[in-house]
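Trainee: Quick one: structure below, then a few questions.
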Amino acid sequence: MPFEALVIAGVATVGLVVAFMGGFGWFVYKDSHRKRDQKDS
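In this note's numbering, the protein residues as written are 6 to 46.
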């Protein structure tokens, strides 16, 4: 049982890190496009 809890905790941690990095990357991607559009106009 403790090993199973450790695996679940590890998977949850990895999932949260991936979600955070994905959201941060999406924000940077959107922000870079916004700045590029402002330079053109």
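Heads up, the beta-carbon is just placed ideally off N, CA and C, and yes, glycines get one too.
Excluding the five sequence neighbours on either side, which residues of its own chain have a C-beta within less than 6 Å of the C-beta of Arg39, listed in chain order?
Mentor: On the sequence shown, position 34 is the one that residue 39 refers to. Same-chain partners within the cutoff: there are none.
Trainee: Taking only the alpha-carbon atoms, compute the straight-line gap between Val12 and Ser37 and give it to the nearest angstrom.
Mentor: Residue 12 sits at position 7 when you count from the first residue of the sequence shown. Residue 37 sits at position 32 when you count from the first residue of the sequence shown. One C-alpha to the other measures close to 37 Å.
Trainee: Going straight from the alpha carbon of Met26 to that of Ala14, what length do you get?
Mentor: The residue you call residue 26 lines up with position 21 of the sequence shown. The residue you call residue 14 lines up with position 9 of the sequence shown. Met26 and Ala14: Cα-Cα distance of roughly 18 Å.
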